[in-house]
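As structure tokens, the structure follows; a few thoughts come after it.
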Amino acid sequence: MPEVFNWHLGRPMEYAFEEAHPERQFAAVFNINRCIGCQTCTGACKATWTFSKGQEYMWWNNVETKPYGGYPHHWDMKILQQLDEAHQAGGREATWRSDDSSKYGIYEGMTITEAARDGEQALGYLPPDAEWTAPNFYEDTSTAYKGGPMGISLDGASLPEHQAWFFYLQRICNHCTYPACAAACPRKAIYKRPEDGIVLIDQARCRGYKKCVEQCPYKKSMYRGTTHTSEKCLACYPRVEGDDPLSEGVPMETRCMTVCPGKIRLNGLVEIGEDGTWVEDRQHPLYHLVQVEKIALPLYPQFGTEPNIYYIPPRWAPRSYLKQMFGPGVDEAIGRYTAPSRETLAVLQLFRTTQKMIFRYEIEEGPLVHETEVNGKPWSMYDDTIIGFDSKGGEVARLSVVEPLHERSKERLNSI
Ligand code: SF4
Ligand code: SF4
Ligand code: SF4
Ligand code: F3S
Numbered sequence: 002m003p004e005v006f007n008w009h010l011g012r013p014m015e016y017a018f019e020e021a022h023p024e025r026q027f028a029a030v031f032n033i034n035r036c037i038g039c040q041t042c043t044g045a046c047k048a049t050w051t052f053s054k055g056q057e058y059m060w061w062n063n064v065e066t067k068p069y070g071g072y073p074h075h076w077d078m079k080i081l082q083q084l085d086e087a088h089q090a091g092g093r094e095a096t097w098r099s100d101d102s103s104k105y106g107i108y109e110g111m112t113i114t115e116a117a118r119d120g121e122q123a124l125g126y127l128p129p130d131a132e133w134t135a136p137n138f139y140e141d142t143s144t145a146y147k148g149g150p151m152g153i154s155l156d157g158a159s160l161p162e163h164q165a166w167f168f169y170l171q172r173i174c175n176h177c178t179y180p181a182c183a184a185a186c187p188r189k190a191i192y193k194r195p196e197d198g199i200v201l202i203d204q205a206r207c208r209g210y211k212k213c214v215e216q217c218p219y220k221k222s223m224y225r226g227t228t229h230t231s232e233k234c235l236a237c238y239p240r241v242e243g244d245d246p247l248s249e250g251v252p253m254e255t256r257c258m259t260v261c262p263g264k265i266r267l268n269g270l271v272e273i274g275e276d277g278t279w280v281e282d283r284q285h286p287l288y289h290l291v292q293v294e295k296i297a298l299p300l301y302p303q304f305g306t307e308p309n310i311y312y313i314p315p316r317w318a319p320r321s322y323l324k325q326m327f328g329p330g331v332d333e334a335i336g337r338y339t340a341p342s343r344e345t346l347a348v349l350q351l352f353r354t355t356q357k358m359i360f361r362y363e364i365e366e367g368p369l370v371h372e373t374e375v376n377g378k379p380w381s382m383y384d385d386t387i388i389g390f391d392s393k394g395g396e397v398a399r400l401s402v403v404e405p406l407h408e409r410s411k412e413r414l415n416s417i
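Take 2 as the starting number for the sequence shown in my numbering and just add one per residue.
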């Protein structure tokens with residue numbers, strides 16, 4: 002198998018195809034801390050793309066309650082167990098070694114490709130029909146609460162970690178750099194677009210072999226019985242291309258991103274170098290959050306597909322659980338999110354302010370408005386203004402850190 006470089010893992014790894022990278026990559030940051038579990042994103046995707054016969058169980062966007070929820074049921078537990086068994090059988094450990102030259106350290110374990118059984122491209126399984134039912138099973142179910150005799154305990158009741166906890170995990174296809182679905186397909190029906198890294202299934206080539214369903218570790222390729230082909234999130238590509246009538250010819254964020262009332266999502270296109278790493282783009286909001294501040298992390302980087310949806314981890318969940326899910330960068334990410342730098346606080350205002358993708362930001366400095374201590378260290382807040390620009394350099398967002406207060410004039414007061 003050819004060797005490719007995976008910067009999430011800080012090392013080369015085996016993959017089915019030779020290394021090749023798109024000019025730009027579709028990517029997003031999801032802030033788990035702000036999600037209210039309203040499923041507006043889920044409904045928007047369904048109403049746009051999966052409302053037809055044969056697509057009833059397809060939820061290209063889903064929001065599940067961790068640790069118990071999952072769609073299909075237990076998808077991550079099952080693949081993690083397979084990976085664990087492969088490590089045990091090989092006498093290896095899935096550890097990370099710290100290394101200053103890589104973003105998160107160096108992963109010393111096996112990826113799903115490296116642990117594949119003979120004749121297979123990757124570890125995987127085909128979920129039975131029953132596991133595709135009930136997309137929001139275990140909604141709002143928390144872990145056990147160990148209260149005293151009266152059921153009251155203050156142990157672990159406050160931050161940084163709660164004793165009883167759950168959080169919402171928002172999931173779409175990761176438009177992976179090294180998609181396991183594409184590697185698995187015997188028909189070569191799945192491809193990654195060179196212009197934006199979006200991963201699509203060619204419906205004319207697909208013959209319904211379901212190897213993509215089996216070997217996508219995130220279970221985001223789904224089989225359709227009425228057409229005998231598989232389908233998946235297509236990153237709302239007409240919007241990304243700027244073809245939507247609303248877009249005025251510039252790339253727009255996808256449907257699931259733009260409807261989010263929790264303002265947790267920021268979607269964009271990032272420039273990719275020939276070696277597959279992100280080209281330095283200091284004023285790009287996604288570059289700032291992922292590469293500079295490192296407060297947004299990939300989901301299960303150890304799977305080895307180099308996913309392109311990044312998550313700001315929830316502050317209140319146990320770190321060991323989060324490290325299994327987002328890798329070794331969790332402590333640093335949560336630390337920097339809890340006491341954000343002046344620049345990061347301004348960048349965080351950009352989430353869900355415009356339907357157009359933001360390619361660059363500028364910050365106008367404002368006055369000091371608040372001083373306090375966070376985790377025993379001084380922290381200051383400034384009322385800076387951040388301005389976002391679209392792909393053509395047009396201004397599409399302007400926000401201050403302190404939300405302006407608008408008082409309704411007397412003549413406009415409600416009469417009831
Ligand atoms: Fe393919 Fe799954 Fe990655 Fe999407 S998340 S690109 S379906 S491997
Ligand atoms: Fe659905 Fe578009 Fe979101 Fe993909 S990006 S989950 S197709 S709304
Ligand atoms: Fe969470 Fe936003 Fe989806 Fe609501 S629309 S569930 S806040 S990601
Ligand atoms: Fe290939 Fe998946 Fe279709 S494996 S043939 S894209 S069902």
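Cβ atoms here follow ideal geometry from the backbone N, Cα and C, with glycine treated the same way.
- Cβ contact annotation for Gly38 (same chain, cutoff 8 Å, sequence separation greater than five): Val64, Thr66, Glu140, Asp141, Tyr169, in chain order.
- By the Cβ neighbour-count rule, Thr255 is buried, with 16 or more other Cβ atoms within 10 Å of its own.
- Note that the stretch 329–342 does not touch the stretch 72–87; fewer than 3 beta-carbon pairs, one per stretch, sit closer than 8 Å.
- Tyr362 sits in a strand when the DSSP states are folded into three classes.
- Distances from the CB of Val64 to the heavy atoms of ligand 3 include at least one below 6 Å.
- If you draw a straight line from the Cα of Gly330 to the Cα of Gly125, it is about 26 Å long.
- Linking Cys217 to His176 through their CA atoms gives a straight-line distance of about 11 Å.
- Judged by the Cβ position, Gln171 qualifies as a neighbour of ligand 3 at the 6 Å threshold, a heavy atom of the ligand being closer than this.
- Contact between Ile33 and Tyr312 is confirmed by a C-beta separation of about 6 Å, below the 8 Å threshold.
- Excluding its 5 nearest sequence neighbours in each direction, Glu19 has C-beta neighbours in its own chain below 8 Å: Pro3, Val5, listed in chain order.
- In this structure Arg320 does not touch Gly55 by the C-beta definition: roughly 42 Å separates them, more than the 8 Å allowed.
- Between Ala123 and Ala181, the C-beta gap is smaller than 7 Å, which places the two residues in contact.
- If only complete runs of 4 or more residues are kept, the stretch 63–120 shows the alpha helix (DSSP H) at 76–90, in order along the chain.
- The residue from His22, Cys257, Asp245, Tyr192 with its alpha-carbon nearest to that of Gln40 is Cys257.
- Around the beta carbon of Gln82, fewer than 16 other beta carbons sit within 10 angstroms, so the residue counts as exposed.
- Looking at the backbone, the Cα of Ala116 and that of Pro302 are separated by about 15 Å.
- Counting every other CB atom within 10 Å of its CB across the protein chains shown gives Glu372 a total below 16, marking it as exposed.
- Taking 7 Å as the cut-off, the beta carbon of Leu270 is found closer than this to the beta carbon of Asp197.
- Exclusion of the five residues before and after Ile387 leaves Ala347, Val348, Gln350, Leu351, Tyr362, Ile364, Leu400 as the residues of its chain whose Cβ lies within less than 7 Å of its Cβ.
- Residues Tyr383, Asp384 of the same chain have their beta carbon placed closer than 8 Å to that of Pro368, with the five preceding and five following residues left out of the count.
- The alpha-carbon of Ala205 is positioned some 51 Å away from that of Gln164.
- The three-state secondary structure of Tyr288, taken from DSSP, is helix.
- Annotated three-state conformation of Trp8 is coil, per DSSP.
- Proximity of the beta carbon of Cys207 to ligand 4 is indicated: a heavy atom of the ligand is located closer than 6 Å.
- In this structure, the C-beta of Thr41 approaches ligand 3 to less than 6 Å from one of its heavy atoms.
- Across the structure, Glu275 and Asn62 are spaced so that their CA atoms are roughly 30 Å apart.
- Taken in chain order, the complete beta strand (DSSP E) segments of 3 residues or longer contained in the stretch 242–273 are 266–272.
- Ala297 places its beta carbon 7 Å or farther from that of Thr355.
- Close CB contacts of Gly243 within its chain, under the 6 Å cut and outside five residues either way in sequence, are with Gly250, Val251, Pro252 (chain order).
- Taking Pro314 as the centre and dropping the five residues before and after it, the same chain places the C-beta of Ile33, Leu298, Leu323, Phe327, Val331, Ala334, Ile335 closer than 7 Å to its C-beta, in chain order.
- Spatial neighbours of Cys174 in its own chain (CB-CB distance under 6 Å, excluding positions within 5 residues in sequence) are listed in chain order as Lys221, Lys233, Cys234.
- In this model, Thr144 and Leu300 are separated by some 21 Å (Cα to Cα).
- Taking every protein chain shown into account, the CB of His289 has 16 or more other CB atoms within 10 angstroms, so this residue is buried.
- Distances between the C-beta of Ser231 and the heavy atoms of ligand 1 are all 6 Å or more.
- Pro319 carries a coil assignment under DSSP once its states are collapsed to helix, strand and coil.
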